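Numbering (full-length UniProt numbering), first residue to last: 1 to 268. Structure record follows, encoded as C-alpha cells.
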Amino acid sequence: MTAVVPAPARPAVDQATPRRRPSRLIQHAGFAALLLVCWEIGSHLLDNALLLPSLGAVAAALAELTASGELPLALGQSLLLLVLGLLGALAVGFVVGVLIGRSRIAYWTLSPYFSALFVIPTVALVPLVLVWFGFGMAGRVTIVLLAGLVPVLLSVASGVRDAPGELVEVARSFGLRGGLRLLVQVRLRAAVPLIMSGLRLAVGRAVVGMAVAETYLRLGGIGGLIRNYGASFQTEYVFAAILPLTLLGIGLSFLVGLVERRFQRWQT
C-alpha cells in the first residue's frame, strides 16, 4: 500500500492586508499635504517673504497670473515647445538608435560620443544652438530635442543590440526570418523595459531643457516668467510660475506610466 503524504498546508493569505494598505494616491496626497504644512510653518518662522513667501501669497500670485491670462499664455507656449522638442527627440532617437543597435561597429564607435553628450549640461549647449539656429522657435526646439535625445537613443540602441540570442534563434526556427519582422516582433519587444526607462529620462530632461531654453532666451513661456519675476525679486510669483512645471512633470510621469503598462501588455 502506498502511503499518501499530505501536502504541506499553505499559509493563510491575509485578505485584509491590501485593504489596510493605503493607495498610492493617498500616499502622494498625504506627502504633499505634509510639504505644504512644513512650507507654511517655515514661512512664518523665517518671516521673510523674499526667501520663502507664505502659501497665501503664492496662491494670490497664482490667481492674479491666471486671471490676467499671463500664466495660461505662458503655459501654452511651453507645452508647444515641449511637444515639438520631445517628439523630435523620440523620432530621431528611435531611428538612430535602431540603426546603431543593428550595427556592432556603429554601436562601439558612436555610443561613447552619445554617452559624453548625455553628461553635458543643457545650459552648455545654449550658446552653440543660438549661433546655429538663432533665437526663434527653431533654436528653442533644438535645445529641448538635444536634452531628450540621448536617453532615447542609447536605450533603443542597447535594447536592440542586447536582445536575448535564444529568443532570436527561436523566432528564426519558427520561420521569422525577415529583418524588419524580427526587429519589431522580437528585438523591440524584448527591449520594451529598457526603452521605457529611457523614455522616462527623456521626458524629465526635456522639461529641464524647455525651462532652460525659455529662461535663457527670454522669449516667453514658463521659463520666461520665472526669469522676469526672479529678476525683480518677486518670489511669490516665481513660485506661482514653478507650480505648473511641477504639475506638468507629475502629469507626464503618469502618462509615461500608462504607456509603459500598455507596452508591457504588448510585450507579453
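Built from N, CA and C at the ideal position, the CB exists for glycine as well. Given the structure is predicted, the values throughout are model-derived calculations rather than measurements.
If you check the CB distance, Ile143 and Ala213 come in under 8 angstroms.
When DSSP assignments are scanned along the segment 204-260, the uninterrupted stretches of alpha helix (DSSP H) that are 4 or more residues long and fall wholly within it turn out to be 221-231. Taking Leu82 as the centre and dropping the five residues before and after it, the same chain places the C-beta of Val144, Ala206, Val207 and Met210 closer than 7 angstroms to its C-beta, in chain order. With a beta-carbon spacing of about 5 angstroms, Ser155 and Leu194 fall inside the 8 angstroms limit used to define contacts. The C-alpha of Arg227 lies about 6 angstroms from the C-alpha of Thr215. Judged by pairs of C-beta atoms under 8 angstroms, the segment 54-64 touches the segment 233-240, as three or more such pairs exist. Boundaries cannot be given for Leu51, as no alpha helix (DSSP H) includes it and DSSP labels it neither H nor E. Look at Pro151 here: in three-state DSSP terms it is helix.
Under the three-state reduction of DSSP, Phe118 is assigned to helix.
Around the beta carbon of Ser78, 16 or more other beta carbons sit within 10 angstroms, so the residue counts as buried. For the pair Leu258 and Gly204, the Cα-to-Cα distance works out to about 16 angstroms.
In terms of Cβ geometry, Ala231 and Ala89 do not form a close pair [threshold 8 angstroms]. Between Leu52 and Ala138, the alpha-carbon positions lie close to 36 angstroms from each other.
Secondary structure of Arg24 (DSSP, three-state): helix. A direct Cα-to-Cα measurement between Ile100 and Val37 gives close to 50 angstroms. Annotation: the continuous alpha helix (DSSP H) that includes Phe94 extends over Glu70 to Gly101. When rounded, the separation of the alpha-carbon atoms in Gly224 and Ser103 is 43 angstroms. Per DSSP, reduced to three states, the secondary structure at Ala191 is coil, with no helix or strand assignment. In the three-state reduction of the DSSP assignment, Gly134 falls in the coil class.
In this structure Leu86 does not touch Phe114 by the C-beta definition: roughly 18 angstroms separates them, more than the 8 angstroms allowed.
Residue environment analysis places Leu199 among the buried positions, since at least 16 neighbouring C-beta atoms fall within 10 angstroms of its C-beta.
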